[in-house]
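Numbering (our numbering), first residue to last: 1075 to 1250.
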């Protein structure tokens, strides 16, 4: 039995996870898998505690790290659960990173090529609401990446970049 991959993309990390958990609970008990969260590999956690000596990453570096983390999630969480016929929710998945990349000025073809390894989801949803004031809601990839990028001397303003990401998410999917 083939599993089901559901992608939930957007900003407000806590909301994405809550929606993912709700989707998993809605699946029949025998097919319930879990939610695959960003930073399952710990790459971003390491970057967060690395301090100033790690430098300020570029948008391209953040996307390469996200792709490495997603590959880890696919290898150790998503694909094994799908092979067991389970429902797995990736929160976030590829569209979030693609929207961030386009908002940061990265070439769309480069982004498409970067994420060719990721299988298309069986279903996906996009959360296109604005940023939350709740701290827990703000703990997602977009929030982390916008914070890091805006800290660069040549970086965009955090609020403006988040608005651009939302606009890109509203524009549509990578693979329609």
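C-beta atoms are modelled at their ideal positions from N, C-alpha and C, and glycine is treated no differently.
Tell me the rounded alpha-carbon separation between residue 1089 and residue 1233. 19 Å
Assuming residue 1130 is part of the alpha helix (DSSP H), what are its boundary residues? Neither: residue 1130 is in no alpha helix (DSSP H) and is coded neither H nor E.
Taking the straight line between their C-alpha atoms, what separation do you get for residue 1283 and residue 1168? No statement about residue 1283 is possible, as the shown extent of the chain runs from 1075 to 1250 and does not include it.
Sufficient close CB pairs (3 or more, under 8 Å) joining the stretch 1174–1186 to the stretch 1111–1120: no
Coil, strand or helix - residue 1226 by DSSP: coil
Excluding sequence positions up to five away, which residues of its chain have a Cβ less than 7 Å from the Cβ of residue 1213? 1087, 1088
In chain order, what residues of the same chain have a beta carbon less than 6 Å from the beta carbon of residue 1094, not counting five sequence neighbours either side? 1082, 1109, 1163, 1165
In whole angstroms, what separates the C-alpha of residue 1141 from that of residue 1188? 7 Å
Using the Cα positions of residue 1249 and residue 1194, report the straight-line distance between them to the nearest angstrom. Model confidence at residue 1249 stands at a pLDDT of 42, short of 50, so the residue's coordinates are unreliable; what they give is reported in the following sentence. So the two alpha carbons sit approximately 7 Å from each other.
Considering only their Cβ atoms, is the gap separating residue 1156 from residue 1107 smaller than 9 Å? yes
Drop a sphere of 10 angstroms on the beta-carbon of residue 1242, count the other beta-carbons inside from all chains shown, and report buried for 16 or more, exposed for fewer. buried
With DSSP as the reference, label residue 1149 as helix, strand or coil. helix
Please work out which residues of its chain come closer than 7 Å, Cβ to Cβ, to residue 1105, disregarding the five sequence neighbours upstream and downstream, and give them in chain order. 1159, 1160, 1161
So, residue 1185 versus residue 1085, is the Cβ gap smaller than 9 Å? no
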